[in-house]
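2 protein chains.
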Amino acid sequence: MRRGSLHGETDLSTVTFLSPVQEEIKLVEERMRIQADDTHSDLRAALEHLLAAGGKRIRPTLGLLVGNMLGAPLEKLVTLGAAVELLHTATLVHDDLIDGSLLRRGMATLNARWSPPATVLTGDFLFARAAKLAAETDNLALMKLFSETLATIVNGELTQMFTSRGLINRDNYYKRIYAKTASLFEMTSRAASMVSPANEATIEAMRDFGYQIGMAFQIVDDILDFTGDQATVGKPLGSDLLNGLVTLPAIYYAEGNPEDEDVLSLPNGGWTNNENMTRLVDNIRASNATQKAMLEAEQHVDRALARLDSMESCAEREALENLAKYIVDRKV
Amino acid sequence: MRRGSLHGETDLSTVTFLSPVQEEIKLVEERMRIQADDTHSDLRAALEHLLAAGGKRIRPTLGLLVGNMLGAPLEKLVTLGAAVELLHTATLVHDDLIDGSLLRRGMATLNARWSPPATVLTGDFLFARAAKLAAETDNLALMKLFSETLATIVNGELTQMFTSRGLINRDNYYKRIYAKTASLFEMTSRAASMVSPANEATIEAMRDFGYQIGMAFQIVDDILDFTGDQATVGKPLGSDLLNGLVTLPAIYYAEGNPEDEDVLSLPNGGWTNNENMTRLVDNIRASNATQKAMLEAEQHVDRALARLDSMESCAEREALENLAKYIVDRKV
């Protein structure tokens, strides 16, 4: 389910990887929807709102494709997909509250419509239901993996909150995007192979496939923050930098221009100066920093694609290849 | 670990049920403490603060006593105890944030010291670690039960939030205190017997034991809100009513005094009138409503004690009897 604002080109590649699981994604969404059935009508409305806001459902798609390729039971993949997407949704609900964001994917966030208390509890409710769904896969190792990933994600957010703004540090950046994004892609892909009749080597290959496309996904997100069509991305260009968050394009630019006064100002609170940061964003856009960052994302995708080499040819393998390529080709 | 402000009498009965597991509770606290070891120093400090705030550790004590009585491995009981207490702590952290409470057990709440975002994330972190610990019991049924209980607790909080204030309704009250308190007592006692070599009948008996003392615990809490020593309880008398929350003593009073103008005003926002509510609190205190509520709590304890009849005599059974009795005898 894509939103109308996308480029035709991107639409095509999305369809390519979505088509083998298009019907199954509907089952995942239905499974998500019924989580609020036995609750208060306001909570049901909130979940409907969150579901209607859509999103690419890229994580459940990843799980379905990997699991189908390896012969996992559909029921477990649908349960896993719903658990992963609800966990993802829960983190977005709390993130938007924390950041005070009023829009996501062009729709009002929950905190824009509800009180902070109701938003906190709705996030908690989604965490709880995600954990319940994960338990319903009846796989203890998967359950452990799920709770560890939740801990990784939250710990990453806390670390980001406590880390001083304007910090230019590669290692810190990679850790952050792993916790924020790659860990859940990695978990999804690994978990889908764990509920399949796959051997350890295959599980490890699929874990790494998820990790690599997850890293690429977040790097591309961070590039789009500089290069994206503002209307499509839905936030001002360079919004990360304006919040003191130094991502890969800015790191490449800083490495190439260590004497740039705006770069030098960053760790000392320079990111709070809107005028200077607008200039820095322009300079980063005009430099080759975003290309360098894109090269790095492409290397991750290449490593992901190499992991598919040992898999048998099938529609799902082809879709996974397209999914990996889409991650660096996408415009939003 | 009791706080100084308690009555000697209460101290004695606490010691009676704590003594068989006093050393094991320290293991639970240590297991809780290390959950933040690999995280940011500020988060470690927050967890230390939450642990130092103490509390009676009544839930882990319940789990340890039931499990020891039934021959469960200590390691699993310590893990379960830490999981349950962290889950409990996580709900308190988010509750205090939502209610804007600045003090709990005489110490500053996390939200009194930290920003709302940091408090939201710390609660999330504690949820994540609680789930991780629950998974470490290596028991899938327990893991499911744990996530269901988390969902019950959060759903209860959401329902309370969406329910109109000033509502006088017994059924609503029982559902609320089950979700808020009894569900976690029930889960703890049931889970401790599930990791023991116990048969289904014993597990069911212990589940009900936990349920009954959990219901009694919350009813007594709600009575203490009217009758407690203000300094010891740590909040103004009748604070529930002043927040539009009608608990069992108020329900009994309303049933006995249906024409009382303050009672009649409740569903129509009368609870927002401080002067009238102070009068109502005084009237409830002067009536036999709190005694009637206490009788109901005692009936729950009696049912709990009856569940112990079929257990073999041992130090843990005796301690569980004392624990059940303490719940209605306590002053805080």
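Going down the list, the sequences are from chains L and S.
Take 742 as the starting number for the first sequence in my numbering and just add one per residue.
Take 742 as the starting number for the second sequence in my numbering and just add one per residue.
Here a beta-carbon is modelled for each residue, glycine too, at the ideal position from N, C-alpha and C.
- In the DSSP assignment, L:Q763 falls within the unbroken alpha helix (DSSP H) covering 763-774.
- Among the CB atoms of chain S, one or more fall inside 8 Å of the CB of L:N896.
- The region 818-832 of chain L makes no contact with the region 938-957 of chain L; the number of CB pairs closer than 8 Å stays below 3.
- L:D783 has its alpha-carbon roughly 33 Å from the corresponding atom of S:E1037.
- Contact between S:V769 and S:G822 holds, since their C-beta atoms are separated by about 4 Å, short of 8 Å.
- The Cβ atoms of S:P990 and S:A1027 lie no closer than 8 Å to each other.
- The Cβ atoms of L:M902 and S:A869 lie no closer than 8 Å to each other.
- Residue-level contact by beta carbon fails for L:P814 and chain S, as no gap is shorter than 8 Å.
- Those residues of the region 842-873 of chain S placed with their C-beta closer than 8 Å to a C-beta in chain L are P857, P858, A859, V861, L862, T863, G864, D865, F866, F868, A869, R870, A872, K873, ordered along the chain.
- The beta carbon of L:L881 falls within 8 Å of a beta carbon belonging to chain S, placing the residue at that interface.
- If you check the CB distance, S:A932 and S:L883 come in under 8 Å.
- When the five nearest sequence neighbours on each side are left out, the beta carbons in the same chain lying within less than 8 Å of the beta carbon of L:D963 are those of I918, D981, T988, L989, P990, A1034, in order along the chain.
- In the displayed model, S:L978 falls within coil according to three-state DSSP, outside both helix and strand.
- Linking L:L925 to S:A787 through their CA atoms gives a straight-line distance of about 26 Å.
- For L:N1017 and L:I909, the gap between their C-alpha atoms comes out near 17 Å.
- For S:I894 and S:A923, the gap between their C-alpha atoms comes out near 10 Å.
- Among the residues facing chain L, S:I1025 is not included, as its CB has no counterpart in that chain under 8 Å away.
- The Cβ neighbour count for L:D840, taken over all protein chains shown within 10 Å, is under 16; the residue is labelled exposed.
- In the structure shown, S:L986 adopts coil according to DSSP, grouped into three states.
- In the three-state reduction of the DSSP assignment, S:L844 falls in the strand class, which pools E and B.
- Of all residues in the region 774-797 of chain S, those with a C-beta nearer than 7 Å to a C-beta of chain L are T780, H781, D783, L784, reading in chain order.
- Within chain L, K873, A876, E877 have C-beta atoms less than 8 Å from the C-beta of S:K885, given in sequence order.
- Sixteen is the threshold: when 16 or more other Cβ atoms of the shown chains lie within 10 Å of the Cβ of S:G897, as they do, the residue is buried.
- Not flagged as an interface residue toward chain L: S:H1041, since no C-beta distance is shorter than 8 Å.
- Sixteen is the threshold: since fewer than 16 other Cβ atoms of the shown chains lie within 10 Å of the Cβ of S:N1015, the residue is exposed.
- Chain L has a Cβ within less than 8 Å of the Cβ of S:M902.
- Distance from the Cα of L:A1065 is smallest, within the candidate group L:F950, L:L818, L:A995, L:M935, for L:F950.
- For the options S:A794, S:G804, S:N1063, the alpha carbon positioned closest to that of S:S930 is the one of S:G804.
- Taking C-beta atoms under 8 Å as the contact rule, L:G979 and L:D966 qualify, at a distance of about 7 Å.
- At a beta-carbon threshold of 7 Å, the residues of chain S lying near L:S888 are A869, A872, K873, A876, ordered along the chain.
- Here S:G1011 is buried: its Cβ has 16 or more other Cβ atoms, across all protein chains shown, within 10 Å.
- Leaving aside the five residues that flank S:A876 on each side, the residues in its chain whose CB is nearer than 8 Å to its CB run, in chain order, M884.
- Just so you know, the alpha carbons of L:P938 and S:Y993 end up roughly 60 Å apart.
- Its chain contains F866 as the residues whose beta carbon lies nearer than 8 Å to that of S:T780, once the 5 sequence neighbours on both sides are disregarded; these appear in chain order.
- The secondary-structure analysis by DSSP pairs L:A849 across a beta bridge with L:L844.
- Three or more Cβ pairs drawn from the region 799-817 of chain S and the region 757-767 of chain S lie within less than 8 Å of each other, which places the two stretches in contact.
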